[in-house]
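Peer 1: Structure provided below as structure tokens; questions to follow.
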Amino acid sequence: MIQPRHFLWRVDGKVGVITLNRPERKNPLTFESYAELRDLFQDLKNESAIKAIVITGAGGNFCSGGDVHEIIGPLTKMSMPELLGFTRMTGDVVKAMRHCPQPVIAAVEGVCAGAGAILAMACDLRYATASAKVAFLFVRVGLAGCDMGACAMLPRIIGQGRASDLLYTGRSMSAEEGLAWGFFNGVHDPVLETALQKAQELATGPTAAHAMTKKMLHQEWNAGIDEAIEMEAQAQAILMQNQDFRRAYEAFAAKRKPEFRGD
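So the sequence shown is numbered by our numbering: it starts at 972 and just counts up by one.
Quick look at the structure:
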């Protein structure tokens, strides 16, 4: 597994914690941190001891997006093949987040803008402080709102009209709006403590089942109802062969709490 140099990574029991760590600039992303995030999430497919992930930012902000001087400036001088290589790499970060089996939880405070808003969007669960401001501000630099999957994913989270509002205007969505619209699962202070608690809760649950739920949530976006029902029938049948399913039954019969092991 990679050892990232451009953000912090630690493992707390069964939970991995990513901390974007450039607080003096509100934790912007660079070419290097994009690549390391992609590689880390790809590696997590093979890390069976890690059952949930939390991503947060240092210094009271989540992430201010792509670094103006280290990314946006250089992009204005690149050729089309170079630009396409970059945009595909950033999209690969979201793909890796969605395809890793662990639930990914965002702990958002302060600024959450541009690519930072995309990182939060790509998580499975999102919690925020009351001061959080989320902005998909690509239009403000002359780009479309369709960045890193935003036009596919954001409408599914908050609805087409609300997503259109944010993507066309680039305005900030408050934590209160985000909670009312379903972008945030809760508003708490301190938010990192809440996210870690939820991650630990998931990490001690039926983690094989969680991985299958995540996989189905992703795959069924593009499936018809009949196809989705068949996909879920196969998924549940697979999990019914797992030991966690047997443990849950035996614990229920014995009137005690099940101990899940993810197998």
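All C-beta atoms in this analysis are idealised placements derived from N, C-alpha and C, irrespective of residue type, glycine included.
1. Using three-state DSSP, classify T990 as helix, strand or coil.
2. Is M1144 buried or exposed, if buried means 16 or more other CB atoms sit within 10 Å of its CB?
3. Which of helix, strand or coil does DSSP assign to A1194?
4. Can you give me the start and stop residues for the beta strand (DSSP E) that M930 sits inside?
5. So the alpha helix (DSSP H) D1136 belongs to, where does it begin and stop?
6. Just verifying my parser: in three-state terms, what is the DSSP assignment at T1178?
7. If you check the beta carbons only, do T1178 and F1109 fall under 9 Å apart?
8. Could you tell me the alpha carbon to alpha carbon distance between L1054 and F1107, rounded to whole angstroms?
9. Please tell me whether G1195 and D1215 are closer than 9 Å, where the distance is taken between their beta carbons.
10. Considering Cα atoms alone, identify which of A1091, A1006, G984, A1123 is closest to R976.
11. Using CA coordinates, which residue listed in A1020, E995, K1016 is at the minimum distance from F1033?
12. Starting from the C-beta of G1120, find all residues in its chain whose C-beta is less than 6 Å away, skip the five residues before and the five after it, and write them out in chain order.
13. Going by C-alpha to C-alpha distance, which of A1067, L1000, A1020 sits closest to D1010?
14. Report, in whole angstroms, the separation of the C-beta atoms of H1189 and R1069, which I expect to be a contact under 8 Å.
15. Note the first and the last residue of the continuous alpha helix (DSSP H) segment covering G1028.
16. Report the option in I1129, G1037, G1141 whose CA atom is closest to the CA atom of L936.
17. In or out: I1021 buried (at least 16 other Cβ within 10 Å) or exposed?
18. Using only CA atoms, which one of P1161, G1141, A1099 lies nearest to A1151?
19. Which one or two residues does DSSP pair with C932 in a beta bridge?
20. Thinking C-alpha only, which one of T1001, I1026, F978, I973 is nearest V986?
21. Going by DSSP, name the residue or residues bridged to K1104.
Peer 2: In short:
1. strand
2. buried
3. coil
4. For residue 930 there is no data in the structure shown, the boundaries of the chain being 972 and 1234.
5. 1131 to 1140
6. helix
7. no
8. 20 Å
9. no
10. A1006
11. E995
12. V1065
13. A1067
14. 5 Å
15. That residue, G1028, is in no alpha helix (DSSP H); its beta strand (DSSP E) goes 1023 to 1028.
16. Because the chain in this structure spans residues 972 to 1234, residue 936 falls outside the shown range and cannot be described.
17. buried
18. A1099
19. With the chain running from 972 to 1234 in the structure shown, residue 932 is simply not present.
20. I1026
21. V1082, S1145
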